[in-house]
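Numbered by mature numbering (1 follows the signal peptide of the UniProt record, and there is no 0), the letters in the sequence shown go through residues -21 to -1, 1 to 221 in order.
The structure under discussion appears below in the form of structure tokens.
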Amino acid sequence: MRTLLCVLFGLALPFEIYTRATNVISMSQKRPNTRPIIGILAMPVVSKYGDEYIRSDYVKFLESGGARVVPIRSGGGANTTQGPYYESGKIFYDLALQANDQGDYFPIWGTCLGLELLTVLTAKKYLLSDTDSKNLTLPLTLAEGYRRSHVFKHMPHDILNYLRTEPVAQNNHQHSILVKDFKASSKLSEFYKILSTNHGRDHLEFVSFMEALGFEPSNAHIRSLELVTGALWTLLFVVEPL
Ligand SMILES: *[C@@H]1O[C@H](CO)[C@@H](O)[C@H](O)[C@H]1NC(C)=O
Ligand SMILES: *[C@@H]1O[C@H](CO)[C@@H](O)[C@H](O)[C@H]1NC(C)=O
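The following block contains the structure:
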């Protein structure tokens, strides 16, 4: 349950990239397969098993919503200002901006380290601060206007109430974008809207959910977004009936 919510509402791991739904002819079915392909940027790690990994629950979570997942290898250290993880993330971030400018839809989802990387890519500098926010589960403090966001617009009331009253958002991050630093950065505040905030044990207030402004998925493309939120709601009911 909490692990599941970390995928969406936690603050510190990979960076998931949604590609457009494609029409692929499946060899066995000989008919169009419209399930979206979602790339997940691998997280660098130092381990005897290899130098990168993707959490299996991220993959299962997306597959349970009907997506097909492909790993995007990056390699190197988990540094958000330089190196392979940063470079790989930047390629997709730039492609998404380019697609959006041309009226196409190319969503990017950043969880945990992914969210941290997004702030660096947008602000073009490192604005994160150290906070006491590891192994900390909290209810979301939803920000004004969150109901107008794409992510929360259609979320049922009971799920929203659950998110804001129960400690279901798992935080496991050492670095955070503080609300004051977010607001002081015109690059960040003109690009994203804060949807929720939280306080670490040190009482520092950080951004726990944000969404890019000015992107309008067309009806044809809304499916990838519904896929994520829909899978979340479904799993919430299945894993822990309300
Ligand atoms: C990334 O690498 C640079 C150069 O080595 C270093 O100064 C910086 O602290 C690193 N950032 C993080 C978040 O580890
Ligand atoms: C995380 O927090 C829980 C609850 O406070 C505690 O039982 C657990 O030992 C902590 N885990 C780690 C790795 O610190």
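All C-beta atoms in this analysis are idealised placements derived from N, C-alpha and C, irrespective of residue type, glycine included.
Problem set entry | Best match in M22, Q61, K39 for proximity to S53 [C-alpha to C-alpha] | Per the Cα distances, M22.
Exercise. Thinking C-beta only, is K159 closer than 8 Å to G124?
Worked result: No, the pair does not count as a contact, with Cβ atoms beyond the cut-off.
Exercise. Within 7 Å: the Cβ of N114 and any heavy atom of ligand 2?
Worked result: If you check the C-beta of N114 against ligand 2, you find a heavy atom less than 7 Å away.
Exercise. So A148 is in the beta strand (DSSP E); what residue range does that whole segment cover?
Worked result: Residues 148 to 155.
Exercise. What's the call for K27, buried or exposed, on a 16-neighbour Cβ count within 10 Å?
Worked result: Result: exposed.
Exercise. Can you name the residues that DSSP bridges to V49?
Worked result: By DSSP's assignment, V49 forms a beta bridge with G18.
Exercise. So, are the CB atoms of A75 and P118 less than 8 Å apart?
Worked result: The Cβ-Cβ distance between A75 and P118 does not fall below 8 Å.
Exercise. Helix, strand or coil for K69 per DSSP?
Worked result: Here K69 sits in helix by DSSP.
Exercise. Under a three-way DSSP split, which group does D36 fall into?
Worked result: It is helical.
Exercise. Taking contact to mean at least 3 C-beta pairs separated by less than 8 Å, is the stretch 174 to 184 in contact with the stretch 96 to 112?
Worked result: Counting C-beta pairs with one atom in each stretch, the stretch 174 to 184 and the stretch 96 to 112 have three or more that are closer than 8 Å, which means they touch.
Exercise. Going by DSSP, what residues sit across from Y171 in a beta bridge?
Worked result: Answer is A191.
Exercise. Quick one: what's V99 bridged to in DSSP?
Worked result: According to DSSP, which records beta bridges pairwise, V99 is partnered with nothing at all.
For this session: Take L168 and list the residues in its own chain whose beta-carbon comes closer than 8 Å to its own, dropping the five residues that flank it on each side.
Result: One point to set straight first is that residue 168 is Ser, not Leu, in the sequence displayed. Once the five neighbours on either side are set aside, the close Cβ partners of S168 are F161, K162.
Exercise. Using CA coordinates, which residue listed in L174, S165, S175, P15 is at the minimum distance from residue 290?
Worked result: Residue 290 lies beyond the residue range present for the chain, which begins at -21 and ends at 221; the question has no answer from this structure.
For this session: Check K27 in the structure and name its three-state DSSP category.
Result: In the structure shown, K27 falls within a coil segment according to DSSP collapsed to helix, strand and coil.
Exercise. What are the boundary residues of the beta strand (DSSP E) that L142 is part of?
Worked result: Annotation for L142: no beta strand (DSSP E) segment contains it, though the alpha helix (DSSP H) segment containing it runs 136 to 144.
For this session: Just grab the DSSP bridge partners of H178 for me.
Result: The partner list for H178 (beta bridge, DSSP) reads E184.
Problem set entry | Residues of its chain near S67, where Cβ-Cβ distance is below 7 Å and the 5 sequence neighbours each way are ignored | Taken in chain order, the residues that qualify are L20, I51, S53.
Problem set entry | CB contact flag (V130, L92, <8 Å) | Cβ atoms of V130 and L92: not closer than 8 Å.
For this session: On a CA-only basis, which of I156, L94, S165, S164 is nearest E184? Give me that one, please.
Result: Comparing Cα-Cα distances from E184 to each of I156, L94, S165, S164, the minimum goes to I156.
Exercise. Nearest to H154 by CA position, among V99, R126, F40, D137, is which residue?
Worked result: Considering only alpha carbons, the answer is V99.
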